[in-house]
Every structure is written in C-alpha cells, then in structure tokens.
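Report on one structure; see the data block that follows.
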Amino acid sequence: MAQKEKLQCLKDFHKDTLKPSPGKSPGTRPEDEAEGKAPQREKWASKLDFVLSVAGGFIGLGNVWRFPYLCYKNGGGATTWACIGYASFVIVSLLNVYYIVILAWGLYYLLQCFQPELPWAKCKQPWNTDTCVEDTVRKNKTLWLAVNTTNFTSPVTEFWERNVLSISTGIDDIGPLKWDLALCLLAVWVICFFCIWKGVKSTGKVVYITATFPFVMLTVLLVRGVTLPGAYEGIKFYLYPDLSRLKDPEVWIDAGTQIFFSYAICLGAMTSLGSYNKYKYNCYRNCLLLGVLNSGTSFVSGFAIFSVLGFMAQEQGVDIADVAESGPGLAFIAYPKAVSMMPLPTLWAILFFIMLLLLGLDSQFVEVEGQITSIVDLFPSVLRKGYRREMFIAVVCSISYLLGLAMVTKGGMYVFQLFDYYAASGVCLLWVAFFECIAVAWVYGVDNFYDAIEDMIGYRPNPWMKWSWTIITPVLCMGCFVFSLVKYKPLTYNKVYEYPDWSIGLGWCLALSSMISAITSDNPLGRFQRIKAVAAPAKSGVSSRPKEYSLKGSELTQPLDPNGNNGLLKPTHTIVETTM
Numbered sequence: 001m002a003q004k005e006k007l008q009c010l011k012d013f014h015k016d017t018l019k020p021s022p023g024k025s026p027g028t029r030p031e032d033e034a035e036g037k038a039p040q041r042e043k044w045a046s047k048l049d050f051v052l053s054v055a056g057g058f059i060g061l062g063n064v065w066r067f068p069y070l071c072y073k074n075g076g077g078a079t080t081w082a083c084i085g086y087a088s089f090v091i092v093s094l095l096n097v098y099y100i101v102i103l104a105w106g107l108y109y110l111l112q113c114f115q116p117e118l119p120w121a122k123c124k125q126p127w128n129t130d131t132c133v134e135d136t137v138r139k140n141k142t143l144w145l146a147v148n149t150t151n152f153t154s155p156v157t158e159f160w161e162r163n164v165l166s167i168s169t170g171i172d173d174i175g176p177l178k179w180d181l182a183l184c185l186l187a188v189w190v191i192c193f194f195c196i197w198k199g200v201k202s203t204g205k206v207v208y209i210t211a212t213f214p215f216v217m218l219t220v221l222l223v224r225g226v227t228l229p230g231a232y233e234g235i236k237f238y239l240y241p242d243l244s245r246l247k248d249p250e251v252w253i254d255a256g257t258q259i260f261f262s263y264a265i266c267l268g269a270m271t272s273l274g275s276y277n278k279y280k281y282n283c284y285r286n287c288l289l290l291g292v293l294n295s296g297t298s299f300v301s302g303f304a305i306f307s308v309l310g311f312m313a314q315e316q317g318v319d320i321a322d323v324a325e326s327g328p329g330l331a332f333i334a335y336p337k338a339v340s341m342m343p344l345p346t347l348w349a350i351l352f353f354i355m356l357l358l359l360g361l362d363s364q365f366v367e368v369e370g371q372i373t374s375i376v377d378l379f380p381s382v383l384r385k386g387y388r389r390e391m392f393i394a395v396v397c398s399i400s401y402l403l404g405l406a407m408v409t410k411g412g413m414y415v416f417q418l419f420d421y422y423a424a425s426g427v428c429l430l431w432v433a434f435f436e437c438i439a440v441a442w443v444y445g446v447d448n449f450y451d452a453i454e455d456m457i458g459y460r461p462n463p464w465m466k467w468s469w470t471i472i473t474p475v476l477c478m479g480c481f482v483f484s485l486v487k488y489k490p491l492t493y494n495k496v497y498e499y500p501d502w503s504i505g506l507g508w509c510l511a512l513s514s515m516i517s518a519i520t521s522d523n524p525l526g527r528f529q530r531i532k533a534v535a536a537p538a539k540s541g542v543s544s545r546p547k548e549y550s551l552k553g554s555e556l557t558q559p560l561d562p563n564g565n566n567g568l569l570k571p572t573h574t575i576v577e578t579t580m
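Each step along the sequence shown adds one to the number in full-length UniProt numbering, with nothing skipped, and position 111 is 111.
Structural data, given as structure tokens:
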C-alpha cells in the first residue's frame, strides 16, 4: 500500500475508535459508550506531569548506588505479542515486592538520625561486639596496637548487620520478623498507595515533589562532597578509567544491564505512563530529552559519590577500592560512615536519607502504577467502576506487603538478594527485550511502526532507528544474554556465604516465570499467523474498527478475515503490550 494510504488508514482507525460520541469525554472507549459500563480512561493533566512521572520512574536508587559502583567495579567511567506484556507484568510484580524493602531500610535509618549522636558513629552500643573498632582508634597507632585484634569490624557495619538486619546464619534460618522493619515497610506501602490511588491525577501531583526534591538534595551533597579533603582523588578515580577493562566481556554485560535498569526497560511502567498521553503527543522528542536527563543524573551522581569515597579513603588511609561498596552496602554502610566523619553529621545524614527515600519512592509507585494499569485495562468494565480501582490497588499493595515480610525477618537479607539476583535480573530483561524487538520490528513490521510514529508526531524519526530495532538491539540483547549465562556464578552473600541448592533452584524459578511467559502460547503458529494478519494493511484503504474492543484472552483468539480486511486491528493488539 502506498505511504499516503497507510497514514490515512491509521488516522481513520484513530478517529473511529477513540472519537467520543456527543456528550462523551475524550478517551471514552466505544464499547463503554454502548454498554455504559466503564468510565473514561484518564489523561495526564499536563505534559509536565508526564515528564516528571517518567523522570521519577527511571531516575532512582540505581543512579545513586548501581551506576557509581559499576564504574568502580569496571575501572572507572569506561509490542505485539500479548505474552511479552505478561512477561513484563511478572517482572514488575516481583520487582515491586522487594524494591520497596530498600525504602523500609532507608526510613529506619532516617528515624535513627533524630538522636543526639548517630547510632552508627561509635561502638559501645548494645548491638556492638568486642571486635568493634572505631576509626579514631585505627588512625591512632598507639591505640591501634593496644587493641591487638585482626578480625575487627566497624561500628557502621555492625549497626547495619546486627541492628538493622539482625542477620541470621543463612537462608535456612529465616528467623522471626523484625517488627521495627515490618512497620517501616508498612509505612512506605501506605505512602505508595496514596500516591497512586487516584491514578494519574494523584501521581502527576506527587511527582512535583518526589521527582524534583532529590535533584536539590543531590546538588547539595555534590557541593559538600567536592569540598571535602581527598575529594579530588575520588573524582580522578572516577574520571580516569582503566581502559584495559574494556576487553572483559563482563564490563559490557554490566553496561547493558545497567541501561535496562536505569531506563526501566521491559518493565512496562514507562509504556503504561505513556498510554495516558494524547494520541498526538511527541513521544520521540521527550524520549530523547528524558534519556539525556537520566544519563546526566547518573554521571553527576558519580561525582557526588566518588568525592565522598575519596574523602573516606584519605581519612582511613586506605585505597579508594577498599572503601567502595556495592548495592545496599554503598547506601547503608559507605555513605552513612562518610557523613559520620563530616561536620554536622546528623544534618547530612537526614538530607541523604530523605533523598534516598524520595528517589526510591517515585520509582516504586511508578512501577506499581504500571502494574495496576495493565490489569485495569484488561478488565475495564469491572475495575473502572466506582471505587473498584482504589480497592484493587489496596489489594495489590496488601499482597505485596505480605510477601515482602519475608525480607524483613532475620534471614530477610538472603531472601532479598535472591529476588534481586534472579527475579528482575538483567538476564530476564534482556530476554524480554529481544522478543519485543522481534515482535515489533519483524512481525508487526518496522515500516508499519514507523508509519504509526509519523502519524502521531508528524514526522519520521532518524532512519538509524530502523537498524536499531531490526538488527542492532536484538543482536546486542541476545549477545549480552548469552554472555550472562556463560559468565553466570551462583549467588553468594558478601562473597562468603553460599546459598544452598534449593534456594538457587527457587531463584531460577523466579527468573523463568517471566522468561517462559514471553514465549508461551497455546498455539504459537496460530498466534504468528494472526499477528501477520493484523500487520497487513487493509486492502480497501479504509480501516475496520473491531466490534469488540475488549482485551480478554478469549477475544484475542478470534479468527481474522483472511482477506486482510481486519488489517488495522493491529492497534488493538498493540494495546495489550502497551498496557503491560
């Protein structure tokens, strides 16, 4: 079909399906008008609401602890298949269970800051052991020789492991609940619920605080960090990478998976947020702007983190590599230890943990919003009536909270790491991304996708994107996926504790739950034929709106007209993925 006819078909479809009847609000779906069952789908109140929500969604804790740590580790700063949507739903559901536990830890630390002295600054606390040695003792050679111990620990490490976690001997010894952490977890879930309970109307307002205030805090901490003694050495370590590390495939695997985590790719949340925009929204422009903002935030946060690590290295008289930590260790050991060495430690600790909470909170409720949207859009006539959506959100949050209680027990850290290592790992995301590229670029058709984008934004993006969708991205995703499996190492805690075989098996079950969902179908051949049919342009040049716009599974298996007259049903199937 000619280019002009294709665009006219897209416009006709959009007009026929989304144009409301007289007296109806924009966005009301056709079957909802006929049956009077489901209220209209919401839209963002303004473009800024959407931009801040997306920025808050993918600028989170990974920018503060994961990106800087990977720089240290690697030598410095060197939608058509419905089942793909289900895979994204599984990943984001598992992610929402354990990611919020980090916020519970952060809230606990924040509450502990309101004391005359930071509890992790000195030894002689009820949870400290005889091997606890303060940094002032280590720096004084006379006192250090008098201590006469080799297996010493720091007060900040003992506060983290013996007070916050009260960590047990292993995952086999799960232990009782830590009620202080359980209450903190409940508090952050309640906050998350009220951030999204009114849909994008409430989310769009909350992000004005949660997405902007962390930038203010990051700027304050950056200024403070670069003015500390020893900051220059830390920044130099950050900016002058070890180029020899580029020969290591693991560096590229880490870089690839970091992109997925940082941009929330294959989690469905960004697509769900985008689905609340108007049809003619310039998504291409804002994707570029938000991408620059996200990468820029990671780069700047590296200065804030490494300047503090340089200060710590100078204060302790050790190399920077000896003070760097990964993941929670950076947020709950290295940085708390750093602020305890600064003037006005309580102030800087409060500012840091407020920033940590806000960074994690908007990422959390954006992911939960994506999870909720996917189900609500599958059953709109049931969940959009009255207060059913709010009730459904409460049920999802409650179930996620109950599942998360396993991570606030004395053995909870082992469960947390199991989820973090397998449930939403880079392997899962790379697998789903590969099939997304195949579905969109090869099955649906890259030219059809280009035509749809042109109809939405008014112009065609740079042609290099075709190569990216069809060849570059699938090859890189599968390459990183294979390397990840080749380089796979069983999970350990602190490089000492080895997880038992049954827990490793459970971890792979978590990983496979999403990976299998991406390719599962009762009739793969029939599904492929249906998708090829919906990708075929209508021969008549006029769109044919489906009689039933519902996204129920039974309706997705309805046969299509072999003559291709149902060709423009493809937006219906695309919606299955975008809402996931």
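Each residue gets a CB set at the ideal place from its N, CA and C atoms; glycine is no exception.
Proximity of the segment 185 to 200 to the segment 358 to 376 meets the contact definition, three or more beta-carbon pairs being nearer than 8 Å. For residue 260 against residue 505, the beta-carbon gap comes to about 25 Å, at or over 8 Å, which does not count as contact.
For residue 257, the enclosing alpha helix (DSSP H) stretches over residues 249 to 262. Boundaries cannot be given for residue 319, as no alpha helix (DSSP H) includes it and DSSP labels it neither H nor E.
Around the beta carbon of residue 321, fewer than 16 other beta carbons lie within 10 angstroms, which makes this residue exposed. Unbroken alpha helix (DSSP H) stretches of 4 residues or longer found wholly inside the segment 344 to 396: 345 to 378 and 380 to 383, given in chain order. Counting along the chain, the unbroken alpha helix (DSSP H) around residue 219 starts and ends at 213 to 226.
For residue 233, the enclosing alpha helix (DSSP H) begins and ends at 231 to 239. DSSP, reduced to helix, strand and coil, places residue 108 within a helical segment of the structure shown.
The residues 189 and 193, in chain order, have a CB closer than 6 Å to that of residue 397 in the same chain once the five nearest residues on each side in sequence are set aside. Taking C-beta atoms as the reference points, residue 480 and residue 430 count as a pair closer than 9 Å.
Residue nearest to residue 434 within the set 469, 181, 409 and 455 is 469 (criterion: CA-CA distance).
With contacts defined by Cβ atoms closer than 9 Å, residue 355 and residue 337 do not form a contacting pair. In the DSSP assignment, residue 409 is bridged to 177. Look at residue 492 here: in three-state DSSP terms it is strand. Secondary structure of residue 284 (DSSP, three-state): helix. Rounded to whole angstroms, residue 126 and residue 120 show a C-alpha spacing of 11 Å. Under the three-state reduction of DSSP output, residue 153 falls in the strand class. No Cβ-Cβ contact shorter than 9 Å links residue 517 with residue 373. Secondary structure at residue 497: strand, using DSSP grouped into helix, strand and coil. Of the residues assessed, residue 462 falls on the exposed side of the cut-off, its CB having fewer than 16 other CB atoms within 10 angstroms. Cβ contact annotation for residue 333 (same chain, cutoff 7 Å, sequence separation greater than five): 156, 157, 160 and 325, in chain order. Within the same chain, Cβ atoms closer than 6 Å to the Cβ of residue 257 are found at 426, the five residues on either side in sequence being excluded.
The segment 406 to 413 and the segment 164 to 174 touch, with three or more beta-carbon pairs separated by less than 8 Å.
The three-state secondary structure of residue 437, taken from DSSP, is helix. DSSP places residue 132 in the strand class (E or B) of the three-state scheme. In the displayed model, residue 417 falls within a helix according to three-state DSSP. In this structure, the alpha-carbon of residue 466 lies about 35 Å from that of residue 419. A Cβ-Cβ contact shorter than 9 Å links residue 408 with residue 177. In the three-state reduction of the DSSP assignment, residue 422 falls in the helix class. Around the beta carbon of residue 391, fewer than 16 other beta carbons sit within 10 angstroms, so the residue counts as exposed. Of the other Cβ atoms in all chains shown, 16 or more fall within 10 Å of the Cβ of residue 95; this residue is therefore buried. Within 10 angstroms of the beta-carbon of residue 99 lie 16 or more other beta-carbons, which makes it buried. Around the CB of residue 509, fewer than 16 other CB atoms lie within 10 Å, so the residue is classed as exposed. The straight-line gap separating the alpha-carbon atoms of residue 232 and residue 308 is approximately 10 Å. No Cβ-Cβ contact shorter than 9 Å links residue 512 with residue 421.
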